[in-house]
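Structure first, commentary second.
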Amino acid sequence: MPSAGIAPRRAVQLAALFAMMVAFTAQLIGALLPVIPLFIAASVVNLGLDLVLQHQQPALLALLGRIRFDVTVRQLLRDILMLVGLLHIDGINPLEEQAPLTITLLAFYGTHFVCQAVAVLVRRSRSLPFVTRNIDASALGLADAPPRLLYRQTGRRLLRFSVPTTTGMMITAVTGNVFWGGIGIGVALLLSAGGTLYLSSWLLPGKQVVGEQRALAWLDNWLAAYRPTVGMYFSGGVTSAYQANMWLDTLAGLDGKPIIILRERFMVQKIEATDIPIVCIPKVAHLMRLEHSTLKALLHPANSGKTSQILRIPSIKHAFINHGESDKLSSCNPYAKAYDEVWVAGPAARDRYQLADIGIEDKDVVEVGRPQLTPIRPYEGAPIGRYTTVLYAPTWEGWDGNPGNTSVILAGENLVRALLADPSVRLLYKPHPMTGSVDLRAGAADIRIQAMIAAANARRGGALPGPEAAAELARRTAELDRLTTADFRKSADELERMRLQGTPEEGHAAAVAAAVAAWEEAYWGAFPEWEHRVITTVRPGIFACFNEADLLISDVSSVVSDYLTSEKPYAVVNTSGMAEDDFRAQFPTVRAATILTPDGAGVPALLESVRDPERDVLAAARAELKEHLLGPSDPPSTVRFNEAAVELCARADERRRRMENRLSGIPVQRSQQAATGAGTARPGSGGASDSPAAV
């Protein structure tokens, strides 16, 4: 079942394609008959439509490019049709008047292709073998990027520079005077030639960055000066950056010199505000240079195809820290055997690996807790206000098609309907950001749930915060954006961003943390206490929602494990088809949960147990399960995590010492063997040179 947003988008795309084909057909008919009004209207609409689609539907135009009907072909066809149309207009001499137009138009296309070649050369000259952030890279000669229109936007450049041509030709079609067509094409030629010359200035020595070898030498020198000890390695797709971002504060708090190693260039800007130096090294050959650095340990929040490449470096110890723990199979992946250690929150994960029997030795599992959970506030008792705040945070559908992965498809609407039916409930709905990315039914259900919540809000009413609350939120948003969002020109490329994102100001990370806390307080204060909220943006984060909620309803996911640190009541939806006892036995994280069925029938009783602590029979079970899942509270997980990092670095140091001793001992052993062979050689054997030890 397709989601509600897919069909309208496809209809718009098909309509745009149809309109473009109609415009080309009308332009051809108007040129040949000739029908001057039709010819003029079709020519203008055709170019205008292409210009609009360049901005609104670039994916559609990319599809046309795959069938060899790209922007150059389309514009050339439009210009040819305009020349054909002028041939059929009385009063225009093809040989004496139109020939100069044709020659000038050919010159325009000549400069366009030259500009294309120059743009390719400039892009190559502005490509370094790595990308950095939070590092002063000014020594690399980082200059501002050329205008994006000349540098990267091939289609838009050709279309915009063709506007004078089309304008002049249409005036000629109306007046019969080729002078206007010549003026239009001349202006287009000057724009194209001038743009090419201006873009060529980026090939001059003053705007050139250093070559690859010099850049790599600079990176080696920076690594030697910074002397990183522990880092986080991350590779992934556009939507996976959250897996790394959740570890930034923890990494920054470790002893030693932290660093972040990335593999995809786009990921540099996906990492949230941090003071930690970031280095993106796309090529494997360049990545191997880390072997000669002081880097001792790398932490891995996710598995990826490129993880195996960094694991080739034996001088670095590797620990898998995951981006969340749950009872799902993905939380005990056999790939974990590739790491030196597997860091888990508590005994439950250790047991999970042993029960999975995937080859992870118990000695390689290290319990470190979940240091990110520090901001989550503990349980303070039953709700004291008028409303019970319920957080429904379902996970996504996953890759395996298991109906028990997410409750959105089978149970989401029933649960939300039951919650909205209680006038004392305030619902916070925060779906997983990847909801609907695999199963379109999940995306469709998500849209319907959001519509239900919007309708419920429309039926509600009550006191509203004063205008000062919205003003405070706007002020806090602007302050947070200033601290966490880099302000780049539209034309900025990665080298310009590298220059602008150099060494961060001292105390920047602390300022960001304070700004986030102030923003969250302003956010919750800007909305009435009775209003349901749909939260699909990055802010507020899931932990802020935890602190606001009196009850969590979720699926078998890491959200449950994290929420347990508060010891607040929670419920898990059973859409697996298992009996409740089997469900609890299969998934340890639900042992202290209220189990809900897909029909949502248990919601009213659940709400009563949250409001009346005497009916909450699972409080002791939650406290026990919390320690089983997350480990002891003393020492704190931040301390245990840091101790594990220090110990892993010590293991790397020990391995290096062993290798140095082994390598330094090889010549000594061979010399001793050679001397022994020479002293015991039999007469006539030829001496030591003939002995095996000397070979």
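Numbered according to this note's numbering, the sequence shown spans residues 11 to 705.
Positions of the beta carbon are idealized from the N, C-alpha and C atoms, including for glycine.
Evaluate residue i with the Cβ neighbour count: other Cβ atoms within 10 Å of its Cβ, from every protein chain shown; 16 or more gives buried, anything less gives exposed.
i: Asn-231; result: exposed
i: Phe-244; result: buried
i: Ala-481; result: exposed
i: Ala-595; result: exposed
i: Arg-136; result: buried
i: Trp-710; result: Nothing about residue 710 can be reported from this structure: the residues present for the chain run from 11 to 705 only.
i: Pro-324; result: exposed
i: Ala-465; result: exposed
i: Gln-679; result: Model confidence at Gln-679 stands at a pLDDT of 47, short of 50, so the residue's coordinates are unreliable; what they give is reported in the following sentence. Exposed: under 16 other Cβ atoms inside 10 Å.
i: Glu-624; result: exposed
i: Asp-449; result: buried
i: Phe-28; result: exposed
i: Phe-189; result: exposed
i: Thr-176; result: buried
i: Ser-202; result: buried
i: Val-627; result: exposed
i: Asp-565; result: buried
i: Ala-631; result: exposed
i: Ala-149; result: exposed
i: Gly-246; result: buried
i: Pro-579; result: buried
i: His-65; result: exposed
i: Ile-271; result: buried
i: Glu-335; result: buried
Would you report the Cα separation of residue i and residue j, rounded to the nearest angstrom?
i: Trp-257; j: Pro-311; result: 8 Å
i: Gln-382; j: Leu-261; result: 10 Å
i: Phe-118; j: Val-173; result: 12 Å
i: Leu-562; j: Gln-279; result: 32 Å
i: Pro-12; j: Ile-193; result: Low local confidence applies: a pLDDT of 40 at Pro-12 is under 50, so the model's placement there is unreliable, and no value is given.
i: Leu-456; j: Leu-474; result: It is worth fixing the name first, because residue 456 is Asp in this sequence and not Leu. When rounded, the distance between both Cα atoms is 27 Å.
i: Ile-672; j: Glu-664; result: Sequence check: residue 672 is Arg here, not Ile. For Arg-672 and Glu-664, the distance between alpha carbons rounds to 12 Å.
i: Ala-525; j: Glu-489; result: 7 Å
i: Ala-36; j: Ile-46; result: 11 Å
i: Lys-217; j: Leu-229; result: 20 Å
i: His-638; j: Glu-351; result: 20 Å
i: Pro-3; j: Phe-553; result: Residue 3 is absent from the structure shown; the chain starts at 11 and stops at 705.
i: Gly-205; j: Cys-125; result: 7 Å
i: Pro-238; j: Ala-662; result: 13 Å
i: Pro-72; j: Thr-82; result: The residue you asked about is not Pro; residue 72 is Ala in the sequence shown. C-alpha separation (whole angstroms): 12 Å.
i: Leu-116; j: Trp-529; result: 58 Å
i: Gly-191; j: Thr-487; result: 52 Å
i: Phe-537; j: Arg-470; result: 13 Å
When the Cα of residue i is compared with those of the options, which residue comes out closest?
i: Asp-622; options: Leu-474, Ala-392, Val-400; result: Ala-392
i: Asn-144; options: Gln-511, Gly-471, Thr-112, Thr-317; result: Gln-511
i: Pro-547; options: Met-444, Ala-29, Pro-47, Pro-385; result: Residue 547 is actually Thr in this sequence, not Pro. Comparing Cα positions, the closest option is Met-444.
i: Met-30; options: Val-54, Pro-157, Gly-610; result: Val-54
i: His-296; options: Ala-307, Leu-308, Gln-319; result: Gln-319
i: Leu-70; options: Asn-103, Ala-33, Val-22, Phe-34; result: Val-22
i: Asn-187; options: Leu-493, Ile-102, Pro-477; result: Ile-102
i: Ser-447; options: Gln-218, Gln-64, Thr-249; result: Thr-249
i: Val-294; options: Leu-321, Leu-309, Thr-284; result: Leu-321
i: Ile-113; options: Ser-148, Arg-88, Leu-199, Phe-79; result: Leu-199
i: Gln-460; options: Leu-425, Asp-491, Ala-484; result: Leu-425
i: Asp-372; options: Ala-359, Gly-379, Ala-183; result: Ala-359
i: His-98; options: Gly-40, Leu-616, Phe-171, Ser-336; result: Gly-40
i: Leu-91; options: Ile-394, Gly-334, Asp-285, Phe-49; result: Phe-49
i: Arg-499; options: Ala-235, Val-83, Leu-159, Met-242; result: Leu-159
i: Cys-555; options: Arg-387, Leu-57, Arg-601, Ala-129; result: Arg-387
i: Ala-227; options: Gln-253, Ile-270, Phe-140; result: Phe-140
Using only the heavy atoms of the ligand SAM, determine whether one of them is closer than 6 Å to the beta carbon of residue i.
i: Ala-536; result: Looking at this structure, you won't find the ligand SAM or any other ligand, since it has none at all.
Check: Okay, do the region 414-425 and the region 571-578 touch, 3+ Cβ pairs below 8 Å being the bar?
Finding: no
Check: Quick one: any contact between the region 382-402 and the region 434-452, if contact means 3 or more CB pairs under 8 Å?
Finding: yes
Notebook entry, point to check: How do the region 354-371 and the region 602-611 stand: do at least 3 beta-carbon pairs fall below 8 Å, yes or no?
Noted result: no
Next item on the list: Specify whether the region 296-315 and the region 497-517 touch according to this definition: at least 3 beta carbon pairs, one from each stretch, less than 8 Å apart.
Entry: no
Next item on the list: Would you mind listing the beta strand (DSSP E) stretches within the region 232-289 that are 3+ residues and don't spill past its ends, in chain order?
Entry: 240-244, 268-272
Check: What are the complete alpha helix (DSSP H) segments, minimum 4 residues, inside the region 569-644?
Finding: 590-596, 613-621, 629-640
Next item on the list: Indicate whether the contact test is met: 3 or more Cβ pairs, each with one atom in the region 145-158 and one in the region 495-510, closer than 8 Å.
Entry: yes
Next item on the list: Check whether the region 164-179 touches the region 58-78, taking contact to mean three or more Cβ pairs, one atom from each stretch, closer than 8 Å.
Entry: yes
Check: What are the uninterrupted segments assigned as beta strand (DSSP E) that are 3 or more residues long and contained completely in the region 127-189, given in chain order?
Finding: 141-143
Check: What are the start and end residues of each continuous alpha helix (DSSP H) run of 4 or more residues lying completely inside the region 294-344, in chain order?
Finding: 294-297, 317-320
Margin query: Going residue by residue through the region 495-568, where are the continuous beta strand (DSSP E) segments of at least 3 residues, counting only ones entirely within it?
Written below: 561-564
Note to self: Just to confirm the assignment: which complete beta strand (DSSP E) runs, minimum length 3, are found wholly within the region 378-464?
What the structure shows: 398-403, 435-439
Check: Enumerated in chain order, which unbroken segments of the alpha helix (DSSP H) with a length of 4 residues or greater are wholly contained in the region 79-121?
Finding: 81-97
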